[in-house]
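Taking it in order: structure first as structure tokens, then the write-up.
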Amino acid sequence: MPELTNKIREVARDLLQQKKVDLVIGFARGTTPMCSTPCFVRQDGEVNGLIWDSFCENNLAKYLVKRSDKIAIIAKGCDARAVVELIKENQISRDQVVIIGVPCQGMVDRGMVRSALEGNEIQEVEEKDDRLIIKGKNFEKVLNRNEFLHPSCKVCTHRNPVIYDILVGDTVKELDTEPYLDVAEFEALTPEEREEYFSKEFAKCIRCYACRNACPLCYCQECFVDCSKPQWIGKTTEASDTAIFHIMRAFHLAGRCVECGACERACPMGVDIRKLNRKLTKDVKERFDYEAGLNLEEVAPLSTFKPDDAEEFILHP
Amino acid sequence: MIVESKDWKPKIVAFLCNWCSYAGADLAGTSRIQYPPTVRVIRVPCSGRINPFFILASLQHGVDGVLISGCHPGECHYLTGNYSARRKFVLLKSLLEHTGLEEGRIQFSWVSASEGVKFAKVIAEVTEKVKALGPAKKLVKSKT
Amino acid sequence: MTNSDNENLTPIPAEGKVGAVMVVGAGVSGIQASLDLANSGFKVYLVDKGPAIGGKMSQLDKTFPTNDCSMCILSPKFIECATNPNISIITGAQIDSIDGEAGNFRVTLLQEPRYVDVDKCTACGTCAEYCPVNILDVYNEKLATLKCIHIHLPQAVPAASVVDPAQCLFTKRKACQICVLVCKNKAIDFHQQERKMEVEVGSVILAPGYEAFEPQLQSQYGYPKLSNVVTSLEFERILSASGPYRGELLRPSDRKHPKKIAWIQCVGSRDTTCDNTYCSAVCCMYAIKQVILSKEHNSELEAVILHNDIRAYGKGFERYYERAQNTPGVRFIWSKVSILKETPETKNVVLRYRVNGTEVKDEEFDLVVLSIGLTSTDGHRQLANKLSVGTNQYGFCESPGFSPTETSRSGIYACGVFHAPMDIPDSVTMASGAASLASQLLSDQRGTLIEEKEYPSERNVTREPPRVGVFICHCGTNIARVVDIPKVVEYAKRLDGVVHTEENLFSCSIDSVTHMAETIREKGLNRVVVSACTPRTHEPLFQDALRSAGINPYLFEMANIREQCSWVHTRDGEIATRKAQDLVRMAVAKASLLKPLYQLPYDITYAGLVIGSGIAGMVSALTMANQGFKVYLVEKDKELGGIARRIQNTIEGRDVQTYLQKLIQKVHKNPLIEVHTEANIVDFSGYVGNFTTKIAEGAERKVKEIAHGVTIVATGAEEFKPAEYLYGQDPRVLTSLELEEELAKNSEKFKDCHSLVMIQCVGSRDSERPYCSRVCCSLAIKNALKLKEINPEMEIYLLYRDMRTYAFREDYYREAADKEVKFIRYDVDDKPEVEVVTENDQSILRVTVTDPTLGQRLMVDADIVSLSTASVPSTDNKELSQLLKVPLNEDNFFMEAHMKLRPVDFATDGIFMCGLAHSPKFIDESITQAQAAASRAITILAQKTMKASGAICVTDKWKCTGCGVCQEVCPFSAIEVEAKEKVAVVNEALCKGCGVCASSCRSSALDIGGVSDQQTLTLIQAL
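Chains as they are written, first to last, in my numbering: chain A, 17 to 333; chain B, 118 to 261; chain C, 232 to 1254.
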């Protein structure tokens, strides 16, 4: 990890010194351990604030929209996919952004780490290969990082950035797990079981919209939940209002979701938001053979069609 | 289990495209083909006009079934509106059913202007399916 | 129309020509010609001898090769005709006589009594319910019955009943008259008599169509004796959802599903035993269509087509044919066939045919369909005689020159099957072509006889609270018998915003509509709901009442309580009444939110751009310039003329080069045509009415900017140069076009030629180009006849797959056979071989082919081998399609908006196509298509201003993020994201208001006038 950090700083310094960009968006160490945080570097002297570790979980593409300056962005697989989508959706132009790709081993879920430590206060976390060496007052514990990855990272199939201008570090091996196994398992439940599951999940929601705010692809001037003309749904936490909010939030990401998991990480109530997105991701892949954010040329699945798209769902009495 | 009253008749909203399915409904009428009185029609220019929110708003309002019907593939008055609609709807239907909405609450069909008989059959079949499901409860806004 | 006799329909103009046209025959071609002319500023009298417009096409189930529903695509044109104030539809009428000359004809029509006042009849159908007399349903080919007073077909225009006087009890013996008693609108009038009408017109277009061949004239078909032998037209009705069996595929004898059907081709066509020796041009394709549709009805069905060559020569036809061939259970058998017998117990039919040339086979079928030909009748001949218009030996209209739309009489034009057997797109094309000639003749009278209704200025209602008026229609008893109208009225009174309610016996009758306008004014209504029948037919009528009353026509909503209520829930009045209340409630809720919409006018650039200067390009340029419009003709070569420069004669013997030179001269001499040679398009922008094109011209590529209102693509096609059959390796192997050129240059050389082999389908109908090039069969025959003329002793072998000499070209095929040209059919999997062998020190060009009738290899030593090579799309098409944003089909020809009914239009308004750029075709067909493209273009250039539709997309710039999904889904390229501001901009001239964009927009930044998100949500909440 320190090597990657150094390389990132080098690249950032060069870009800023040569005035190729006005801004580098990357990660800095947070105020507490395991809380790396987005950071904006404008001067070459500040590049040493940039770091790379197992806690760079935010999707930095979120910060690219509505800007006019030239930006370099540190991009994991999912960040790069989000950048691709934003370029395709005219939110940033390709020549406005320098993508510094960083192959990703999956980010570690600090919540899981904390619960593994049963309340002991963590003072320092060191990383060596796949090991997390956790130090606190009177204790030191070694954990295998791969057992503590975020749920989204566990099923990630694009850890290497698909598009980049500069690649920092060596590419990593992609997971060869069966894709969408998680979705298939849930699909196997009865409709009643699924409904019960979602009712419980949605009941937790407090309509704070943190999920929406964290999503790199939610950039509408006015979100449908705030729209009053027409008022698509009520603003209450009544069950149907909440359910429709989540359903439409996911639907608006159909064929666009890059599976970064930012929504779920942002949720203060622990709603299983990705369960909706993953279903759409699977459907889009299976029906339209499309994965979001992999290709600048490919037209989004809901912006195009094939005359012979499957239509087994059409009623033929 | 709630026992439904025997005379419960489902209320179904049908979004019909103006050029094919609405015309098919007209032909069912001029041909005097009888079908269940369960459907209220909302005429739209094209199946492609139907915003997913229209479907959700209908469900939230408490309709027992939603039918969307457009021109057959290749026959869209607006060339490709039904193709766009088809992609949108298959995902929405799948997502709603993923969250536990009963299969059959929302239905899609292609009915051309000459298919009066088919229109009546579609209505009969949707009505039967919805009847079997009973009154809608999921995604219905509670009246408090 | 009133019933006074001998009325004069047209005021006589002070001098000169008359700006009106009579179109005789209201099938699809007559309808198209009428619409083009009415939209180009001419008054049109559309005359048909039947009770309703629509012709044969209205009887078809689906159409090839897209399987579009025939009535679905035709009935919008009916409504266009019915609502166009400049088209007078005159049914039940025929021409009695004609005087005058081009520009000023006086036509006398004889109209038979309908016994129904078309203006009063609302087509409610009550009369038919009570009529005691059942008659055979002509529309359903007599496979069903209907009442003696009836509506001809469900979508009939005029929408009015008609009495069959031959069977009516009153007309026969003064009995009954129950229809008169039950008609609430007093529309039935047995006092009507035959009447004469005189009409002044500047031109006449003949589109009387055809009659289907009557197989009973030939005993060998067992028709109509055998109940399971039906004609193809009867079979269309059987397949049709609105047909006698309601779309179920049944056979007549026992109404059971047939499991095995045979189609017999060429019934009444290509037959020397009857007078019809020509090919009817459409039967192969409609039979294939019927096979495909039958298989859709029943996938287990066995289908056999017994044919003598499949003539799938049109655009997209070969693929359609292939699709049928690849369908399991479908057999195409190339054989003569006879009907052997009917099996008495089953009523099945046994056919006898040959397989592999020699073996005789008998096979039993549940149903046999006779693919009957298209014929002219005595009626057609009489019409031609009355008008002094020449016909050919078969009674079809003959054109003296290159342009098929012209007849032998100046000012009278022809289109559709009256000219020659042809399919729907060719008929529609020809109709537009004929219209353009009439328009050209009368261009100085454009606009002189058309009516524009005057309306009061609109009251601004936007600040007023809704004041809704609800008009509830009884429709005679159609609604009132089932729905409790007073109850619905009481209910409507209590709805929010409703300030006026009333019930009408017929809301659509003239007095009701007039009264409605008065009520709107008197009561200050600002929204109107009519609760009656379907808005698809009646909305325009009521909207007109709103305009007459001085409010915006879009402040109108209908509740369809007839088609969706009384007619479909007839047995339960209470439920129907409740549903009617629901529908009225919904309509009122939506009406309250309606906003005025405006059709924004914008100016037009009165000029056309024609890309390509072959015959098609030049004809379209001249047709526009002759009507006073500036035309820019852009050609990439140095010279005008295109591929026609290489063609000497047509098969009919017309001299192409003389025609071409005259045409080029006319173009150069026309002051309104600006010719740019060695020029190509480098940039293209704009929309219908206002395009801007940049061309680069000459060696120095000088860029010029052209402003124009319409665009015609006529980029032609090229000759395919094959890499097989030793072409390019042996000088004795030529393409058929090269052979034609050689024949013209040096015919002497062929006197010593003993043996010549022609090979068809070189580069056509293969995996790389799975289309038929249409003209090559006739081109080969033309060359063969010419060679036989030079040297009658010459051995000519013509190796073919299917001879596709459609329509009257069949006669030349027969002539060639009579002159002993040897026709050998080869299979695509066993192609002929061409090789050079050396025998006795001589290099011999040897052709080997399997003779299918003998099953042996046949060897011919040829002096010359002529290859009928494909017509291939211009290599420039791709670039041009990208520049113009118009599509190409899979073969790289340009793709029309609709294969059947918009054959020369692109989906993008204001851009048209003609000639070989569209698909391979003959010169006369290119000329017709060029005239058609010009006609379509002139419907735009004839307008004073263009009007964008009112119900279109509007954007909210603040909400829009410029993501571009709307731009991608818009079928009409009407939206573009403005790069700087990142907002979607709608081109109002191109938007059709389909709403695909609005439903795709995640930000709700787009909305559609008249079906807004808010209005629809309100409707949902009112459910």
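The beta-carbon is built from N, C-alpha and C at its ideal position, and this holds for glycine as well. Keep in mind that this is a model prediction, so the values were computed, not measured.
Do residue i and residue j have their CB atoms nearer than 7 Å?
i, j, result
"P1202 of chain C", "L196 of chain B", "yes"
"I846 of chain C", "A875 of chain C", "yes"
"I1255 of chain C", "C407 of chain C", "Chain C is shown only over 232 to 1254; residue 1255 of chain C falls outside these bounds and no answer can be derived."
"T606 of chain C", "E425 of chain C", "no"
"M285 of chain A", "K220 of chain A", "yes"
Can you name the residues of chain B whose CB is closer than 9 Å to the CB of residue i?
i, result
"I284 of chain C", "None at all; the shortest Cβ gap to chain B is about 17 Å."
With DSSP collapsed to three states, give me the class of residue i.
i, result
"L196 of chain B", "coil"
"K291 of chain A", "helix"
"S1235 of chain C", "coil"
"P766 of chain C", "helix"
"A188 of chain C", "Since the first and last residues shown for chain C are 232 and 1254, residue 188 of chain C lies out of range."
"S84 of chain A", "coil"
"M232 of chain C", "For M232 of chain C, the predicted model reports a pLDDT of 34, less than 50, meaning its position is unreliable and no value from the coordinates is stated."
"K490 of chain C", "coil"
"E242 of chain B", "helix"
"L12 of chain A", "With chain A represented from 17 up to 333, any question about residue 12 of chain A goes unanswered, as that position is not in the structure."
"T259 of chain B", "This sequence places Ser at residue 259 of chain B; Thr is not what is there. S259 of chain B falls in the coil class under three-state DSSP."
"N365 of chain C", "strand"
"K592 of chain C", "strand"
"A245 of chain C", "For A245 of chain C, the predicted model reports a pLDDT of 41, less than 50, meaning its position is unreliable; a value from the coordinates is still stated below. Of the three classes helix, strand and coil, the one that applies to A245 of chain C here is coil, per DSSP."
"V714 of chain C", "coil"
"E121 of chain B", "Caution applies to E121 of chain B, whose pLDDT of 48 falls short of 50 and renders its modelled position unreliable; the value that the coordinates give is listed next. Residue state, collapsed to three classes: coil."
"T376 of chain C", "strand"
"V461 of chain C", "strand"
"T1176 of chain C", "coil"
"F304 of chain A", "helix"
"C515 of chain C", "helix"
In chain A, what lies closer than 9 Å to residue i by C-beta?
i, result
"V1208 of chain C", "N106"
Chain B partners of residue i, CB-CB under 8 Å?
i, result
"S1313 of chain C", "In the structure displayed, chain C extends from 232 to 1254; residue 1313 of chain C sits before or after that span and is not available."
"T1247 of chain C", "I159, V161, N168, F171"
Which bits of chain C does residue i rub up against, with CB to CB less than 8 Å?
i, result
"Y306 of chain A", "Going along chain C, no residue has its Cβ under 8 Å from Y306 of chain A, so there is no contact; the nearest lies around 14 Å."
"R149 of chain B", "W798, V799, T801"
Anything in chain A within Cβ reach of residue i, meaning under 7 Å, just list it in chain order.
i, result
"V413 of chain C", "Within chain A, no residue comes near V413 of chain C; the closest Cβ sits about 36 Å away, beyond 7 Å."
Please list, in chain order, the chain A residues whose beta carbon lies closer than 8 Å to that of residue i.
i, result
"P169 of chain B", "M264, F267"
Whose Cβ in chain C lies nearer than 7 Å to the Cβ of residue i?
i, result
"E238 of chain A", "K1190, S1234"
> Hey, is the region 813-821 of chain C in contact with the region 169-187 of chain B, meaning 3+ C-beta pairs nearer than 8 Å?
Replying inline: no
>> I want to know whether the region 790-807 of chain C touches the region 706-718 of chain C - three or more CB-CB distances under 8 Å.
In response: yes
> What residue ranges within the region 159-192 of chain A form continuous alpha helix (DSSP H) runs of no fewer than 4 residues, ordered along the chain?
Replying inline: 167-170
>> For a minimum of 4 consecutive residues, which ranges assigned as the alpha helix (DSSP H) are wholly contained in the region 378-447 of chain C?
In response: 400-404, 409-413
>> Please give me, in chain order, every unbroken run of the beta strand (DSSP E) with length at least 3 that falls completely inside the region 776-849 of chain C.
In response: 787-791, 838-842
> At which residue ranges does the region 240-294 of chain C contain complete alpha helix (DSSP H) runs of 4 or more residues, listed in the order of the chain?
Replying inline: 259-269
>> Runs of 3 residues minimum, wholly inside the region 836-923 of chain C: which ones carry the beta strand (DSSP E) assignment?
In response: 838-842, 861-865, 904-907, 910-918
>> To test your reading of the DSSP string, which unbroken beta strand (DSSP E) runs of 3 or more residues are found completely within the region 983-1023 of chain C?
In response: 986-993
> With a cut-off of 8 Å, do at least 3 Cβ pairs link the region 944-957 of chain C to the region 1082-1100 of chain C?
Replying inline: yes
> Can you list, in chain order, the stretches of the alpha helix (DSSP H) that have 4 or more residues and sit fully within the region 608-653 of chain C?
Replying inline: 609-617
> Taking three-plus beta-carbon pairs below 8 Å as touching, is the region 1209-1217 of chain C in contact with the region 140-157 of chain B?
Replying inline: no
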